[in-house]
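Yeah, the sequence shown ends on 571 if you go by my numbering, and it's all consecutive.
A virtual CB, placed ideally from N, CA and C, is assigned to each residue, including glycine.
Have a look at the structure below, then the notes.
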Amino acid sequence: MEDSLAFCSTVLKKEPRNLFALALSADCFNYYDRKLDALIFLQGSKSAQPDCQIMHIAVAHQLQLMERYEEANHILENILDNNRHSALIREYLAHTYCNRHQFHEALLILEPLLPNPIEERISHQVIQILLNIDRLEEAIDYALHAYKQNKSIENLLILANCYQSNSQPELASQTLLQASSLYPDNESLFVQSVSALFDLGSNKLAWDLIHQSPFLNDGGSLFKFGLGHQYLLEGDYENGFEYYSYGIELTYKDYKQDQFTTWNGQSLCGKDIIVVALDHDIRDILLFSRYLSPLFSEAKQVIALVQPYMARFFRCINNDISVHVDIELVKSISDVNTIWLPISKLPLRFNPTPATPLKVESNDKLLPAIHMTDKRNFSSLTQSNSFPKVGFALNNPNFTQGVSHFKTRVEPSIALKPFKGLPINLIELDSDQSFADVINKDACSYSNYLCLESPREIYHSAVLLNHLDLLITSDHPYAFLGAMMGIKTIAIIPPNPHFMFMREGNISPWFDSIDIIRSNSWVDFASISAAYEAKIDSLLITLLSDSGK
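So this is what it looks like as structure tokens:
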């Protein structure tokens, strides 16, 4: 990068208006996270070349990188006023609108560019906008057109994502299988196509493809991680954890240093250990946190390196563990004898054991703000009556993205049906508008209802869950959090969930307070309705009896 800066400096001395050198200089500033310096540099260059449209666009792009979308919007709209036919300006302006969640305005800006033939890059932008405004069939049409024009990996994945968004898992699976057959050397495509088969419950076909695949012998970390997940679902912990631990190589690259001593099976007795839990799946972090206490009993010192939203929760697990969120600080206090141990490798050190319920103090001051139809706070709702408190976390928007969101979502009408007309406090934990819509359509049947914003910290979530008598959820971090706290939890699970739920059965060997109800696919709620209602009815007898109702 230093060489690039030197090159730019040399070129700009000779050619102050060299656009390539100007853009590369800004990229160098951004590389070092000096975005403001990049902006100042570009603004100065724009002032020197006020008639250069590209410089105005470069400044707007830099503002977008800095999430100053309104300023970028203003610049681009001014340019568009003088050049209504510029496709590039429309593309950038639509991007700015999307970042401001103004998707309809973004689509309106792009409309003049839509008649065929449409540029593939613009097509991808239009597809994403249509998905965001739930015009799913139109998104599929654009994706099919792009795929017919160019059977690229990107177009195949976009088409599969459109089918998934439109609750068409079979077509999504077919698309991914076709993509894998067109690009047989692409490990990522193969893993996604096999995972899609497991999502459908086509386990035999998926395993047949795995056993026939060349990746079985020479696959990379992504394949091994996916294979480990499938082994764990079937209860093969020995092979499962060995392969699953390769997942750390997908997330650990940015802060793994050669001079660090990583754990490779050596004794941890008397060692200083840094447990890295930064970029892992939050469900793994919650599940594997059970091993911190036995680790502390063996090591000299244990430091947990976590994201800020996990810090206070980790301090509750074991007061003897030092918890840090600053990577550079942890680097500075470690030495060559310190062992860096990714949290996903802890099961390789300790055998799976039942979790001890986590006790979290009840503190009303930590409860999240209420944000939708009911303006009463959580405390006043639950203190105003003795009704059982049932929490719902069905949508999972704050913890998963993309495909996982569709796989883990549960239809609110299914979850709410057994509680209709009953004296129950219904507490929605995921800010799910569709949940509120079901309630509002039949407000007389659900009189004690509250919708809460998801807390920013896991500790705050734990405090909130600690007030519940029952939690209804899915393959969601709250299922892990509630179960490890000993909260009675019902999880509605599709095929191919997190391995904690296992492939079959209605209980988990990891927790004793969770009941599992399995659907035939991640869009098939009808198949679980009877079993779910029967389970809720049996629990309500106890809950209502305990509350005197």
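Determine the direct distance from the alpha carbon of residue j to that of residue i, and round the result to whole angstroms.
i, j, result
"tryptophan 544", "phenylalanine 220", "11 Å"
"proline 410", "isoleucine 446", "5 Å"
"serine 203", "isoleucine 270", "28 Å"
"cysteine 291", "alanine 321", "5 Å"
"tyrosine 169", "isoleucine 140", "13 Å"
"proline 191", "histidine 146", "21 Å"
"glutamate 479", "phenylalanine 414", "18 Å"
"alanine 82", "isoleucine 155", "25 Å"
"glutamate 256", "asparagine 208", "26 Å"
"aspartate 301", "proline 137", "42 Å"
"alanine 109", "serine 315", "59 Å"
"isoleucine 515", "aspartate 537", "10 Å"
"tyrosine 331", "serine 469", "33 Å"
"proline 434", "histidine 233", "39 Å"
"tryptophan 362", "serine 560", "47 Å"
"tyrosine 119", "isoleucine 131", "9 Å"
"serine 311", "phenylalanine 336", "8 Å"
"histidine 126", "isoleucine 149", "12 Å"
"proline 236", "glycine 248", "15 Å"
"aspartate 240", "lysine 246", "10 Å"
"glutamine 455", "aspartate 464", "15 Å"
"lysine 439", "alanine 218", "30 Å"
"leucine 370", "glycine 287", "8 Å"
"leucine 158", "serine 174", "21 Å"
"alanine 201", "methionine 77", "40 Å"
Please state whether DSSP places residue i in a helix, a strand or coil.
i, result
"glutamine 323", "strand"
"isoleucine 140", "coil"
"arginine 157", "coil"
"tyrosine 471", "strand"
"isoleucine 529", "strand"
"lysine 411", "strand"
"aspartate 294", "strand"
"isoleucine 14", "Given that the chain is displayed from residue 23 to residue 571, the structure contains no residue 14 and the question cannot be resolved."
"threonine 495", "strand"
"arginine 312", "helix"
"threonine 360", "coil"
"aspartate 49", "helix"
"isoleucine 304", "helix"
"serine 447", "It should be pointed out that residue 447 corresponds to asparagine in this sequence rather than to serine. Asparagine 447: strand per DSSP, three-state reduction."
"valine 352", "helix"
"isoleucine 111", "helix"
"arginine 540", "strand"
"aspartate 559", "helix"
"isoleucine 509", "coil"
"serine 435", "helix"
"serine 535", "strand"
"valine 328", "strand"
Please name the residue in the options whose C-alpha comes closest to that of residue i.
i, options, result
"serine 496", "Leu85, Asp55, Arg431", "Arg431"
"glutamate 99", "Tyr53, Arg112, Ile180, Met88", "Arg112"
"leucine 231", "Phe414, Asn261, Leu199", "Leu199"
"threonine 511", "His251, Ile494, Ala182", "Ile494"
"glutamate 89", "Leu129, Ser108, Ile79, Lys57", "Lys57"
"asparagine 417", "Leu158, Leu444, Lys442, Ala458", "Ala458"
"glutamine 65", "Leu327, Ile79, Glu264", "Ile79"
"aspartate 452", "Leu487, Val358, Arg540", "Leu487"
"isoleucine 62", "Tyr554, Tyr54, Met507, Leu85", "Leu85"
"aspartate 306", "Glu92, Ile563, Pro519", "Pro519"
"proline 72", "Tyr54, Val352, Ile97, Asn172", "Ile97"
"asparagine 95", "His123, Ser69, Glu160", "His123"
"glutamate 176", "Leu153, Glu142, Asn188, Leu193", "Glu142"
"alanine 299", "Leu178, Ala326, Asn121", "Ala326"
"serine 195", "Asn172, Gly223, Ser174", "Gly223"
"isoleucine 509", "Val412, Lys557, Ala556, Asn528", "Val412"
For residue i, which residues of its own chain have a beta-carbon under 8 Å away from its beta-carbon, when the five flanking residues on both sides are left out?
i, result
"leucine 181", "Ile162, Ala165, Leu166, Ala168, Tyr169, Thr197"
Once you ignore the five residues that flank residue i on each side, which residues in its own chain have a CB closer than 7 Å to its CB?
i, result
"alanine 437", "Phe414, Leu416, Ile494"
"alanine 391", "Confidence at alanine 391 is low in this model, with a pLDDT of 44, below 50, so its placement is unreliable and the value that follows should be read with caution. Excluding sequence neighbours, alanine 391 sits near Glu475."
"asparagine 340", "Leu314, Ser315, Phe318"
"aspartate 59", "Phe51"
"proline 135", "One detail in the question is off: residue 135 reads as leucine in this sequence, not proline. Here the set comprises Ala109, Arg112, Ile144."
"leucine 309", "Phe502, Met522, Trp532"
"serine 210", "Leu244"
"leucine 565", "Pro410, Asp491, Leu492"
At a cut-off of 7 Å, would you count residue i as near the ligand GDP, judging by its Cβ distance to the nearest heavy atom?
i, result
"aspartate 464", "Among the components of this structure there are no ligands whatsoever, and the ligand GDP is therefore not found."
Got a sec? Which residues, its chain only, sit under 6 Å from residue i by beta carbon, not counting five neighbours each side?
i, result
"alanine 333", "Val345, Val347"
"glutamine 323", "Asp294"
"arginine 541", "Correcting the residue identity first, residue 541 is serine in this sequence and not arginine. Contacts found: Pro516, Ser549, Ile550."
"glycine 527", "none"
Query raised in the report: Taking only runs of the alpha helix (DSSP H) that begin and end inside the stretch 209 to 274, which ones reach a length of at least 4 residues, in chain order?
Result: 209 to 221, 225 to 234, 237 to 240, 243 to 255, 259 to 266, 270 to 273
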